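Per mature numbering (1 follows the signal peptide of the UniProt record, and there is no 0), the sequence shown runs over residues -18 to -1, 1 to 236.
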Amino acid sequence: MGKCLIFLLVLIPFALFSETFTSHCRNYPPELYFDGNKCIGVIPDLVSDIVSELGHDIKWLNAPWVRSYREAKKGKVDILIRHSMTAERESVLRAITYGYDTRHLTFFVAPNFNGEITSYADLANLNIGAIRGVFYSPKFSNLDPNTLTLVGTSEQLVAMLELGRIDVVVTSASQRIELFEQRFAKADFVDSFTNAFYISVVKGGNAMPIYDALAAKMLEYRKIGKISQYYEKYGAVPPQQEDDVNARKLLPTQ
């Protein structure tokens, strides 16, 4: 009887403090995607394991990034995964870096376009197609929003570029560049920059009390090379790693 009582007393604090946080998942294999109703992939596995080590669980909901960020601003989601950062997003999200790479933005032009594009100055007076809610690069973010035509999918951009309804499309390896490579001429200009990858705790969400522990555990995973194991499990190329101080400097400013 005494042993049972001790066992129950040990379990009660754990039950009291264990929480289930909400996070959003979207279709971006192999890093995150749904298998039936289950969110799997590199980042969901990574984040689920870390949160589990801290004694908590995650409930994954299916939502596109635009909706995820909108819900985050209202404090209706706790953790967001696999995203870039902007100064505006920093007001809503407290970021945790898990790696970085060099991103290359490529520009494809409409069949009837005859000009040259060698810099952002050449893009200033063109009608540019892009995906709504996507962060492309710090410099791209400085373009006049009135020059942008924003849509929901890359397939829509292909159709609009084919018809000449837009002059140019911006894309990258993470935005279905293969849809454009065989069909459209590529501009000479390429915007290359260092891009960090983040998960974030929503400042107005329920997971803020575990932010420090979550960040410390992620840094531990980075230092011992454990992040790469999650990528290798799904046959994906791991992001580069560097110390946390330098990684923090990768936050783009606008």
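Beta carbons are placed, not taken as given, at the ideal position from N, Cα and C, and that holds for glycine.
A quick note: this is a predicted structure, and the numbers were derived from the prediction, not measured.
Classified as exposed, residue 145 has fewer than 16 neighbouring CB atoms from the shown chains inside 10 Å of its CB.
Counting along the chain, residue 215 sits inside the alpha helix (DSSP H) bounded by residues 208 to 215. Excluding sequence positions up to five before and after residue 23, its CB lies within less than 7 Å of the CB of 11, 12, 13, 14, 15 and 216, all in the same chain and listed in chain order. DSSP, reduced to helix, strand and coil, places residue 183 within a strand of the structure shown.
Residue 6 is bridged by DSSP to 43.
In the DSSP assignment, residue 65 forms a beta bridge with 180. Cβ neighbours of residue 6 within its own chain (closer than 7 Å, five residues either side excluded): 43, 45, 50, 59 and 62. Distances from the CA of residue 155 to each of 186, 141, 136 and 148 were compared; the closest alpha carbon is that of 136. In the three-state reduction of the DSSP assignment, residue 100 falls in the coil class, being assigned neither a helical nor a strand state.
From the listed residues 143, 176 and 148, the smallest Cα separation to residue 165 is found for 143. Distance between residue 112 and residue 151, taken at the CA atoms: about 6 Å. Counting C-beta atoms within 10 angstroms of its own C-beta, residue 149 has 16 or more neighbours from the protein chains shown and is therefore classed as buried.
Secondary structure note for residue 17: its beta strand (DSSP E) is the uninterrupted segment 15 to 17. For residue 22, the enclosing beta strand (DSSP E) has its first and last residue at 20 to 22. Here residue 199 is not bridged, per DSSP, to any residue.
Residue 119 is positioned such that its CB atom lies no closer than 8 Å to that of residue 170. In its own chain, leaving out the 5 sequence neighbours on each side, no residue places its CB closer than 7 Å to the CB of residue 127.
By the Cβ criterion, the segment 25 to 37 is not in contact with the segment 92 to 104, since fewer than three pairs of Cβ atoms, one from each stretch, lie closer than 8 Å. For residue 159, the secondary structure class from DSSP, reduced to helix, strand or coil, is coil. Of the candidates 193, 180 and 194, the residue whose Cα lies closest to the Cα of residue 223 is 180.
Going by beta carbons, residue 55 and residue 33 fall outside the 8 Å limit. Straight through space, the alpha carbons of residue 177 and residue 84 are spaced by roughly 6 Å.
Non-local C-beta neighbours of residue 183 in its own chain, meaning closer than 8 Å and more than five positions away in sequence, comprise 60, 61, 75, 76, 78, 189, 190, 192, 193 and 196, ordered along the chain. By the 16-neighbour rule on beta-carbons within 10 angstroms, residue 219 is exposed.
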